[in-house]
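Asker: In my numbering, the protein residues as written are 138 to 219. Glycine included, every Cβ here is placed at the ideal spot set by N, Cα and C.
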């Protein structure tokens, strides 16, 4: 891990296209500004962690035995009604 020290209004450049600027430092919080192309997604880590957790839960729920039985019954009824 690279550790850098910056002051308010100073920036860090990532690659050729992403600039991170220190906007403010207040108490234990640092306010950051990001200047990056639209195709680069920027998320807080806790948001990504929550999305991953929800995706894992959804994938487990979608393929449990009871759901498969219900889907099979539904598909069978739908086919017989055609």
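Short of 8 Å in beta carbon distance, which residues of its chain neighbour residue 212, apart from the five on each side in sequence? Order them along the chain.
Answerer: For the purposes of this step, residue 212 is taken as the residue at position 75 of the chain shown. None.
Asker: Between 145, 138, 172, 188, which lies nearest to residue 166 when the distance is taken from Cα to Cα?
Answerer: Your numbering for residue 166 matches position 29 in the chain shown. That would be 145, whose Cα lies nearest to the Cα of residue 166.
Asker: Taking residue 156 as the reference, give the member of 180, 215, 174 with the closest Cα.
Answerer: By 1-based counting over the chain shown, the position of residue 156 is 19. It is 174.
Asker: Does the distance from the CB of residue 147 to the CB of residue 159 come in under 8 Å?
Answerer: Here residue 147 corresponds to residue number 10 of the chain shown, with the count starting at 1. Here residue 159 corresponds to residue number 22 of the chain shown, with the count starting at 1. For residue 147 and residue 159, yes; Cβs fall inside 8 Å.
Asker: State the Cα-Cα distance for the pair residue 193 and residue 185, rounded to the nearest angstrom.
Answerer: The residue labelled residue 193 in the question sits at position 56 within the chain shown. The residue labelled residue 185 in the question sits at position 48 within the chain shown. Their Cα atoms are separated by approximately 12 Å.
Asker: Tell me which same chain residues have a C-beta within less than 6 Å of the C-beta of residue 170, skipping the five on either side of it?
Answerer: By 1-based counting over the chain shown, the position of residue 170 is 33. Cβ within range, chain order: 158, 160.
Asker: Give the DSSP bridge partners of residue 158, in chain order.
Answerer: On the chain shown, position 21 is the one that residue 158 refers to. In the DSSP output, where bridge partners are listed per residue, residue 158 has 148, 170.
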